[in-house]
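Asks: Please read through the structure below; I'll follow up with questions.
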Amino acid sequence: MHFGPHLLLAALEGLVTAAVLALTALGLSLVFGVMRVVNVAHGEFFMLGAVLAWAISTAISGHPALGFLAALVLAPLIVSLIALVSERLVLRRLNYNPEATIVATIGMLYIIQQLALTFYGPEARPVEAPFSYRILLPWFGYSGYKLSIIAASALLLAATWFVLT
């Protein structure tokens with residue numbers, strides 16, 4: 414049995430997962446670097462963005478790319494507004510005290526988590542890919558969408574580095 418194709422497939426899937434985690438870490442490090450806030454609820458805001466992306470993309474009929482593009486624009490804006498309201502109502506009132514903000518963001522974590530479970534449910538629902546192009550490799554075909562996730566993550570990381578240095 415040849416392990417080459419399986420190893421390549423595992424490496425590609427690992428890169429997709431790493432790309433998504435890198436974007437999450439990018440947001441977390443920006444919040445800590447700029448505001449000096451340890452936002453324990455950052456993962457929940459990321460999850461909220463994914464839930465909103467699903468809701469927006471399924472609400473728009475037609476080609477999947479239309480719903481995807483709408484979700485790509487609207488979900489971050491909505492989550493940003495929710496984060497801004499959270500910052501104004503909670504963190505600012507605590508004067509960004511490090512210990513108090515950790516406790517407060519843990520509370521926000523539970524609130525966002527339970528609201529998502531109540532209104533969305535515990536099951537995962539995929540957002541339909543905007544295109545279905547497959548790249549044919551000698552041993553298997555691989556999703557062009559997943560490769561675009563890796564490329565977009567690399568571009569965002571490089572752009573952030575370029576802007577901050």
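Numbering (our numbering), first residue to last: 414 to 578.
For every residue, glycine included, the Cβ atom is placed at its ideal position computed from N, Cα and C.
In this text the structure is predicted, and so the values were computed from the model without any measurement.
Taking Leu490 as part of the alpha helix (DSSP H), name the residues at either end of that continuous run.
Replies: Taking the first residue of the sequence shown as position 1, residue 490 is located at position 77. First-last of the alpha helix (DSSP H) with Leu490: Pro477 to Ser499.
Asks: Hey, would you say the C-beta of Tyr509 is under 8 Å away from at least one heavy atom of the ligand GDP?
Replies: Among the ligands in the structure shown, none appear at all, so the ligand GDP cannot be discussed.
Asks: Apart from the five residues just before and just after Ser499, which ones in its own chain have a Cβ nearer than 7 Å to its Cβ?
Replies: For the purposes of this step, residue 499 is taken as residue 86 along the sequence shown, with counting starting at 1. Closer than 7 Å at the Cβ level, and outside the excluded window around Ser499, lie Met521.
Asks: Below 8 Å, how does it come out for the stretch 449-469 and the stretch 527-538: are there three or more Cβ pairs, yes or no?
Replies: Touching, yes.
Asks: Among Glu457, Phe445, Phe575 and Ile515, which one has its Cα closest to the Cα of Ile524?
Replies: As a first step, residue 524 is located in the sequence shown; it is residue number 111 there, counting from the start. Comparing Cα positions, the closest option is Glu457.
Asks: Using the Cα positions of Met448 and Ala488, report the straight-line distance between them to the nearest angstrom.
Replies: The residue you call residue 448 lines up with position 35 of the sequence shown. The residue you call residue 488 lines up with position 75 of the sequence shown. Between Met448 and Ala488, the C-alpha separation is close to 22 Å.
Asks: Below 8 Å on the Cβ atoms is my contact criterion, and I expect Val451 with Leu504 to pass it. Report the Cβ-Cβ distance as a whole number of Å.
Replies: Stepping through the sequence shown from its first residue, residue 451 is reached at position 38. Stepping through the sequence shown from its first residue, residue 504 is reached at position 91. Between Leu504 and Val451 the Cβ distance is about 11 Å, and since that is not below 8 Å, they are no contact.
Asks: Do the stretch 548-561 and the stretch 473-491 make contact, defined as three or more Cβ pairs closer than 8 Å?
Replies: Cβ pair count under 8 Å is below three, so no.
Asks: Assuming Leu461 and Ile495 are in contact, meaning their beta carbons sit under 8 Å apart, how far apart are those beta carbons, in whole angstroms?
Replies: By one-based count along the sequence shown, residue 461 stands at place 48. By one-based count along the sequence shown, residue 495 stands at place 82. Right, their Cβ atoms sit about 7 Å apart.
Asks: Where does Ile519 fall in DSSP's three states?
Replies: Counted from its first residue, the sequence shown places residue 519 at position 106. Looking at Ile519 - three-state DSSP - the assignment turns out to be helix.
Asks: Over the uninterrupted alpha helix (DSSP H) stretch that includes Tyr641, give me the two end residues.
Replies: Outside the displayed span of the chain (414 to 578) sits residue 641, for which this structure offers no information.
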